[in-house]
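When you line the sequence shown up against our numbering, it's residues 9 to 336, in that order. Ideal Cβ positions, reconstructed from N, Cα and C, are used throughout, including at glycine. Following: one structure in structure tokens, then a few remarks.
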Amino acid sequence: MKRVLITGAAGFLGSHLCDRFIKEGYAVVAMDNLITGNIRNLEHLFPLENFEFYNHDVSNFVHVAGDLDYILHFASPASPIDYLKIPIQTLKVSSLGTHNLLGLAKAKKAKIIVASTSEVYGDPLVHPQTEEYWGNVNPIGPRGVYDEAKRFQEAITMAYHTFHQVEIAIVRIFNTYGPRMRLNDGRVLPAFIGQALRGEDLTVFGDGTQTRSFCYVDDLVEGIYRLLMSDYAQPVNIGNPDEITIGEFAEEIIKLTGTTQKVIYKDLPQDDPMQRQPDITKARSILNWEPKVSRKEGLKITYDYFKSLSEDELYKKEHNDFTKYIKK
Ligand code: UDP
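Given below as structure tokens:
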């Protein structure tokens, strides 16, 4: 049985990746320090024989006993609010953490895929963004702690590939949504749906003309799986090119949820990118991948998930007690 280490396993993407690798018949070693991850995202996997969980911060030395075939480094805070709250951890996990995991990959002769991001393009001057574009990033702005750490992550990953011949893949992830997003992480989709569910007005930042392109999580996971199984070692954009303004997106959420609340406008955060849309020519040609789930279908599934949350969760109390899941 092949064995895979997934960091950030209790997070939104990490937990969906755990599900996918379990489904593919792998033994999954899941790791998370639970500062932004939620152990309940993995609850259903704890009874399985081929699943283990370690509460560990990968910015410190990472020890895993036994063989590993693949490492997926998906640990990192991933929302602008988190970068403001925990900037140093954000910097460390993609720099020191990536270094530790590259060392582990080298020692285990495992292939590693690192989660990079459309944020490496910053507030892009090229539209849509191709992998060849180098980006427009403010290193010392509020997003700098994430953007520059992710850019360093790509650099050190490529250096381990060229200098140590470690097998690598780099996925540049664009805005992704789906069940298990944190309701209160500040990102636009959970923010709008949470506001609709609580009967609050929807907060559009700026005038709502900035754009994003939202990818449903199952499509993203399929793209990541294909990239990991390919032998392509350059960065690849994975995302859905279906672009929408944030103003229009708010209207879609109002229609979906049937809320009678209105849109209110707040200041645009500093360095908020004006437009974002992936060019997925590479993913199409190299991985034969493209997104399949429309925003309409994906939003419906995601809304059903948020509706199923308890009052407690809706009004923000995050629980992270993992001790009850530890195997005796
Ligand atoms: N946004 C908004 N209202 C909110 C939260 C976010 O209008 O309550 C905007 C935000 O300014 C940005 C876009 O929605 O332009 C996407 O924000 P998000 O934090 O989800 O991700 P980003 O792509 O900016 O990292």
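Residue i: CB within 6 Å of a non-hydrogen atom of the ligand UDP
{"i": "Gln283", "result": "no"}
{"i": "Ile254", "result": "yes"}
{"i": "Ala35", "result": "no"}
{"i": "Ala123", "result": "no"}
{"i": "Gln278", "result": "no"}
{"i": "Phe213", "result": "yes"}
{"i": "Gln218", "result": "yes"}
{"i": "Asn248", "result": "no"}
{"i": "Asn183", "result": "yes"}
{"i": "Pro88", "result": "yes"}
{"i": "Arg195", "result": "yes"}
{"i": "Ala115", "result": "no"}
{"i": "Ala167", "result": "no"}
{"i": "Ala199", "result": "yes"}
Helix, strand or coil at residue i [DSSP, three-state]
{"i": "Ile14", "result": "strand"}
{"i": "His71", "result": "coil"}
{"i": "Ser124", "result": "strand"}
{"i": "Val225", "result": "helix"}
{"i": "Ile79", "result": "strand"}
{"i": "Ile178", "result": "strand"}
{"i": "Asn144", "result": "strand"}
{"i": "Thr253", "result": "strand"}
{"i": "Arg220", "result": "strand"}
{"i": "Thr44", "result": "coil"}
{"i": "His327", "result": "In this predicted model, His327 has a pLDDT of only 48, less than 50, meaning its place in the structure is not dependable; the value taken from the coordinates is given anyway. In this structure, His327 counts as coil in the three-state DSSP scheme."}
{"i": "Pro88", "result": "helix"}
{"i": "Lys300", "result": "coil"}
{"i": "Gly111", "result": "helix"}
{"i": "Lys119", "result": "strand"}
{"i": "Gly306", "result": "helix"}
{"i": "Tyr333", "result": "Note on Tyr333: pLDDT 47, under 50, position unreliable in the model; the coordinate value appears next. Reduced to three states, the DSSP call for Tyr333 is helix."}
{"i": "Gly105", "result": "helix"}
{"i": "Gly33", "result": "coil"}
{"i": "Gly266", "result": "coil"}
{"i": "Gly231", "result": "helix"}
{"i": "Gly202", "result": "helix"}
{"i": "Ser316", "result": "coil"}
{"i": "Gly130", "result": "strand"}
{"i": "Arg28", "result": "helix"}
{"i": "Ser238", "result": "coil"}
{"i": "Gly22", "result": "helix"}
CB contact flag (residue i, residue j, <7 Å)
{"i": "Glu139", "j": "Pro243", "result": "yes"}
{"i": "Thr44", "j": "Pro95", "result": "no"}
{"i": "Asp279", "j": "Gly149", "result": "yes"}
{"i": "Val122", "j": "Thr165", "result": "yes"}
{"i": "Val153", "j": "Thr98", "result": "yes"}
{"i": "Ala35", "j": "Cys26", "result": "no"}
{"i": "Val179", "j": "Ile246", "result": "yes"}
{"i": "Ile254", "j": "Asp209", "result": "no"}
{"i": "Leu13", "j": "Leu110", "result": "no"}
{"i": "Arg188", "j": "Asn58", "result": "no"}
{"i": "Val229", "j": "His81", "result": "no"}
{"i": "Leu322", "j": "Leu205", "result": "yes"}
{"i": "Val66", "j": "Ala83", "result": "yes"}
Which residues DSSP lists as bridging residue i, in chain order
{"i": "Met39", "result": "Thr15, Tyr62"}
{"i": "Val244", "result": "Val179"}
{"i": "Leu210", "result": "Val271"}
{"i": "Thr184", "result": "Cys223"}
{"i": "Pro286", "result": "Gln137"}
{"i": "Gly152", "result": "Looking at the DSSP assignment, Gly152 forms no beta bridge with any residue, so it has no partner."}
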